[in-house]
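Same order as they appear, the protein sequences are chains A and B. Quick note on numbering: this note's numbering labels position 3 of the first sequence as 3, and the sequence is numbered without any gaps. Quick note on numbering: this note's numbering labels position 991 of the second sequence as 1423, and the sequence is numbered without any gaps. Below is one structure, written out as structure tokens; comments come after it.
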Amino acid sequence: MKLKYLIIALFISLQASAQVPAPAPLQNKPILLTGATLHVGNGTVIEKAAVAFDKGKIIYAGSASSAPTATGYEQIDVTGQHIYPGLIQPNTTLGLNEIASVRATLDQQEVGQINPNVRAMVAYNTDSDVLPTIRANGVLLLQVTPVGGTISGTSSVMHLDAWNWEDAVVKADDGMHLYWPPLLYQTQSETTPAFTEAQRNREKLLQDLDKLFKEAAAFRLGTPNKENFKLTALKGLFDGTKRLYLHADNAKDIIESVRFAQKNGVKQIVLTGGRDAWRITDFLRENNIPVILSGVHALPGLAGDDTDLAYKTPFLLQQAGILYGLSYSTSLHGVRNLPFIAGTAVAHGLTKEQALMTITVNTAKILGIDTQVGTLETGKDATLVVSAGDLLDMRTNQVTQAYIQGRRLVLTDKQKYLYQKFKAKYQAGEAK
Amino acid sequence: MKRFYLTALLLCAGRFLATAQETFPRNGVYDDRPGLVAFTNATIFTDYQTRLDNATLLIRNGKVVATGAKVKIPADAVVVDVKGKYIYPSLIDIFSSYGLPPVIKVQVPYATGPSETQKKGPYSWNQAIRAENNAAEIFRVDAKAADDYRKQGFGTVLALHPDGIARGTAALVTLGQKRENEVILLDRAAAGLSFDRGSSTQDYPGSLMGAIALLRQTYLDADWNAKTPGKEQNLSLKAFTDTRKLPQIFEATDKLNLVRADKIGDEFGQQYIIKSRGDEYQNLNEVKATKATLIVPLNFPDAYNVEDPFDASRVAIEDLKHWEMAPANPATVAKANIPFALTAADLKDKKKFLPNLRQAIAYGLDEQEALKALTQTPARLLKAEHLVGALNPNMVANFIITSKPIFQEDNVILENWIQGEQYKLSEIPADVRGVYNLQVGQQAGLRLEIAGNPDKPEARIAFKASGATDTTKVKGKIFLNGDLITLSYNPDVKKQENTVRLSGWYAGPAKGYQGEGLLPDATPVKWNAKLAKALTVQARRDTIKAKDPIVLGNNIYPFAAFGRTSLPKQEIVLIKNTTVWTNEQAGKLENTDVLLRNGKIEKVGKNLSAAGAKVVDGTNKHLTPGIIDEHSHIAINGSVNEGTQAVSAEVRVGDVINPEDVNIYRQLAGGVTASQLLHGSANPIGGQSAIIKLRYGLGAEDLKIKGADSYIKFALGENVKRSNTQNVTRFPQTRMGVEQVFYDAFQRAKEYEKAHQAYNRLSKAAKTKAEVPRRDLELETLVEILNNKRFITCHSYVQSEINMLLKVADQMGFKVNTFTHILEGYKVADKMKNHGAGASTFSDWWAYKMEVKDAIPYNAAIMHSMGLVTAINSDDAEMARRLNQEAAKTMKYGGLSEEEALKLVTLNPAKLLHLDHRMGSIKPGKDADLVLWTDHPLSIYAKPAKTYVDGIAYFDLETDKQLQTEVAKERQRLIQKMLNAKQAGAPTQPIPTTTRGQVLHCEDVE
């Protein structure tokens, strides 16, 4: 069964040669998927389900028995398989970076501390060799995010099947990324000059930040005769059209950064990273701060921490009633393992549907794209994944089809091509 | 009233001229004096265990003449009555850098190119080998440092220059303030060693294992140098050989290095005296087994600032516990009958020495043991018992005079005599406190009350003003200087310019004070003050508070996170009714039992029973062989790379195993039972591997798998070329150069073997005439490879370099056992197959650097299908916890069956490590290294419920929870205790940024 799909995939890959496959054309015919188990993405599971979509939008998602008649549809029987919303990876440099050790292939970080006007979207490389391998495991949407400095720039939500960055936009300039300067800790009994200086630098940076936010808030209210791109870029934070993603891990840094943003009138705050979020769930809940949690496949921060602490953190946030989504952060190419960090969270307390929500609808809500994606419900984008088995377990994850806005993706990539090429070499060798 | 005028008759320090300066011409009239002094009526400790009461010490010319109750005092002796005082031999610090220049460490750029020795002359190639360094030659008397030592009761120290691995010779010196010619008691009293390269400006050794290798090679080179005179003039090696007969003092920076140091000593028949860190109570049995005498510091850590719970959580449990237990270390060492000396080394502030020593005594150290460790033991170790450490005739007159027994809380060291010369440290201030009847001029009936501290008395004057009924009390000012007294007071505070000023002298007990004065109106008066009532003894003692009883937590094994108060035990275990993944012909067996006994799998079958067995219900669970990680860098102390040279085959990871790395425990929690600890990939020929089982809680040697084959790490590609380092001149920097490194190394190895074989074939007689070939541990290791006694694990990525190494191997006549990482193995699987190499790869890593841009997750599947022994490895302490899941990815990428997939992390790595005869499958007779999973072992939903190594449950989900609760409690107790200590005024320190549990990878060089 699995092999069959694989062979189909490989066949296509050979056709496509070593290139990144061409993006699929617009959906020109309604499609009806039948017979699968439907994971809506909101906790509901429907056995023997059907999903119908046309012009890129879902027109039916529910039990097969109440589905529209197949007339006029391209009907695809996916009996025994599973249908999921396309997975969303927030906070990533995929598309910006190609090979981590080759500087010329890296477009993730601008120089300087304060770059709010820098936009990730325009550097998103749809021809990256890595991207097709990511979607092959069900990840169809990315929040492409600049990194580094203090304010790294503006992210955008992009999808994974496009001719160029313009075509790939799902939500342009969704938010600003602030890397909170962490509190410093003295490590020797005497205060060293280096420590004092570091502390002074941090204070200065925080003052600069505060000034920047105050001036940006004031700037948008007047009619200045000179444009200032940096201040203008921050405007959306004060009217709620842009989110502020606060990158912080330590409990105190989280509290300090959230307080800073609140005092400066930021309307929508998202904690990103959030290693210690589980320690301060009351604070997060009372202040209504959602979390994009990094580092599930991670060692605990401290030697004495619970060995499985990082694996359990999603469950701890779930129990505390925090809205959170997961971000795969171990490596860039590893983002294709996003479903598996959700699977790990299942092994450590979540239900499978809760875990699915952490990589679909929860993230969609946090990024502000949940009216469009995140669940498989009528009216939303037909951005979905079909897997032969449980998507969250590598043992069974086998994506057979994937659609972005109703367009059926060609699920091949460079790696499958190389696999085929060398398999063929050895088969020929055996024949000799 | 007590007075102590001991010193009145004596001369200041530096006035006696001793004989040692006889060769020096003198300017002026000779002033040699006999230095003949008799101290009478003292309590004298002639050595640490012999006490003489009411005795006399007679010294002459810097030497002891006699001690005893009936010493005849020569008529020309200066007699000093020290009644009520104590005399001890002065203390000896056997580990000091007194009078020696500071060691300035240089940040050396790592592995950027060959760095040659900056020391000109016929010395070692490596600056860390400085056996020729003789402390006596660079020693300079240092008045300030000597004074700090003297105040703590020291009279003699061993001055050892703490620079380098072979540090040269140390001098035994007194702390006298004289010419170097006089204070040096013994030149070349000991030789120093360490694992620290000190001030060397060379990059080799860049790792702990490199330092150990260099020391080992130095022993061999020195030996060879001695046997082949004239071959190479090398003063460092010559000195190394010459000084081997001296006491060898090894500075170990912690308890693990202590054991490592002793091991090196054992290899070369040398028993070191080892300076410890003061943490040896943590692995006492191993420390005792070294049979080394220790030099134990008294450097006890300050409490941490733990008020903030978020911040306090960053303090590791071992640091919390060490704070509590460190003061008990000397007592623990003593009670274990480990011979030891004590040292003030490591104390930034030498003033802390005696207080810390008293603390150690309060924590159970016997006072006599303490005195021994500071007198007789160091003297004995340095073969200087005839000179110092006791007060026997003809010994150096080094002693201290104290007011109380030396270790008593309120003791004061009054004088420190060094080589017969007095250094006055403190005087007991005359205690004049009490109530006096004061008469000033005509005015009688006044009362003078002297209170406060003896050294800072406060005065009040009480009187009845004329016509008043009540007594008025006013503060006065009092100043005492020996027998002189100044007293002033204003009898009526309402008036300005109304001070009575008195000056006087002490006129003896009967008369008290008397003298002259001036009243406010300038009328001269006479005055006197006679003691009415002295301060009572009871009142004085009130200031000394009762101490809390000392409570200590339990030792834990290992002394780290998840350490236990007792180790899990080997039992007979019967795992019932589970799904057994045998990795054998039988495949997967449902509803099966497995019996473990004596660390082995005894039986696999249905309905087994065994008397006395602990029954484990395996229903709905799965039992697999333990996971074996072919490529790991956990549990290693120091850098994993000695990449300073292109070939570093001489270094051994086995020398630097860190059995306390919490990652061992974390990986047990992920089902790993054995790991190959590899050298990094910074150079083409790296270092020797260690293969361990994850027996968390045991010592480094006990982790090693006995009888396992020997391995070595090779590496190819970007890391070896130092591609991501700037300004590199180290060869090689291309894949072309890498090939040449291999050819060259193996060519040299062959020639080396030939030379040794030729020599060994010679007759005994011929050997005496022939030149002994030099032993070279680097080449010896390569010879082992050529002779199939050591096996290669080669880090590799791209097909060209893999093919290249295969060709080199074929031509030079060796085999590559395993290509590790081998992400392009799928491109050359046929060639690897022909060679007979195995493969150990990542499941799905790629694109993180240029040489992995063609890596594919189907790699393992292709190599497996081509018949290569294929494994999946981690190279990462986090991923190692999920190797079962990484194996499962081969089902997804390449369609392996679940049983084949499981073998990639169990049986196949066992084969690659030549351990499949005892590990990797579930079969009677094999090691009971097993994992009981909560779910299908290749599923992401599975966790190990229990992980057995040698039949011992080193990890157990339930026990893990208990352990966490216990540790939380212990932390809470210690934190509360620290808070109390801080409240009571104990010094504190900021919370350290811990690097424990840090993760190392192939590419890490520091």
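Note that beta-carbon positions come from the ideal geometry of N, C-alpha and C, so glycine has one too.
8 Å Cβ cutoff, residue i in contact with chain B
i, result
"residue 331(A)", "yes"
"residue 315(A)", "no"
"residue 418(A)", "yes"
"residue 84(A)", "no"
"residue 297(A)", "yes"
"residue 343(A)", "yes"
"residue 432(A)", "Because the pLDDT at residue 432(A) is just 44, under 50, the model does not fix this residue reliably, and the point stays unresolved."
"residue 20(A)", "no"
"residue 213(A)", "no"
"residue 422(A)", "yes"
Within-8 Å CB hit, residue i to chain A
i, result
"residue 1156(B)", "yes"
"residue 1323(B)", "yes"
"residue 1310(B)", "yes"
"residue 1098(B)", "yes"
"residue 992(B)", "yes"
"residue 729(B)", "no"
Other residues of its chain near residue i: CB distance less than 7 Å, five sequence neighbours each side excluded
i, result
"residue 1265(B)", "1298, 1299, 1300"
"residue 641(B)", "1070, 1074, 1083, 1084, 1085, 1087, 1088, 1119"
"residue 426(A)", "none"
Interface residues of chain A facing residue i [CB-CB closer than 8 Å]
i, result
"residue 1262(B)", "426, 429"
"residue 503(B)", "What residue 503(B) touches in chain A: nothing, since even the nearest Cβ is about 50 Å away."
"residue 748(B)", "302, 303, 304"
Close Cβ partners of residue i (< 6 Å) along its chain, the five nearest in sequence each way excluded
i, result
"residue 1387(B)", "1100, 1101, 1379"
"residue 976(B)", "Model confidence at residue 976(B) stands at a pLDDT of 49, short of 50, so the residue's coordinates are unreliable; what they give is reported in the following sentence. None."
"residue 1010(B)", "1050, 1053, 1055"
Residues of its chain near residue i, where Cβ-Cβ distance is below 8 Å and the 5 sequence neighbours each way are ignored
i, result
"residue 1275(B)", "1289, 1292, 1304, 1318, 1319, 1321, 1322, 1325"
"residue 892(B)", "880, 881, 883, 905, 906, 907, 908"
"residue 375(A)", "40, 41, 42, 85, 360, 361, 364"
"residue 1233(B)", "1148, 1149, 1167, 1170"
Proximal residues of chain A, C-beta to C-beta of residue i below 7 Å
i, result
"residue 742(B)", "251, 252"
"residue 1286(B)", "418"
"residue 1137(B)", "Under the 7 Å cutoff, chain A gives no residues; its nearest Cβ is about 24 Å from residue 1137(B)."
Beta bridge counterpart(s) of residue i as assigned by DSSP
i, result
"residue 622(B)", "602(B)"
"residue 1083(B)", "Paired residue(s): none; residue 1083(B) is not in a bridge."
"residue 1025(B)", "1037(B)"
"residue 327(A)", "294(A)"
"residue 1228(B)", "1253(B)"
Within chain A, partners of residue i - CB distance below 9 Å
i, result
"residue 1278(B)", "130, 133, 333, 415"
"residue 529(B)", "Those do not exist, as residue 529(B) stays about 21 Å from chain A at its closest Cβ, beyond 9 Å."
"residue 1298(B)", "426"
Residues that residue i contacts on chain B, provided the C-beta gap is smaller than 7 Å
i, result
"residue 186(A)", "1422"
"residue 394(A)", "1317, 1320, 1321, 1324, 1372"
"residue 346(A)", "1373"
CB contact check: residue i to chain C, cutoff 8 Å
i, result
"residue 900(B)", "Checking the listed chains, one finds no chain C in this structure; the protein chains it contains are A and B."
Neighbour list for residue i in chain B, Cβ cutoff strictly below 8 Å
i, result
"residue 398(A)", "1324"
"residue 101(A)", "1150, 1155, 1156, 1280, 1281, 1282"
"residue 57(A)", "Those within 8 Å of residue 57(A) in chain B number zero; the least Cβ separation is about 31 Å."
Point to revise | 3 or more residues per run - each beta strand (DSSP E) lying fully within the region 137-182 of chain A | key: 139-144, 151-159, 169-179
Check your understanding: What are the uninterrupted segments assigned as beta strand (DSSP E) that are 3 or more residues long and contained completely in the region 192-263 of chain A, given in chain order?
Key -> 243-248
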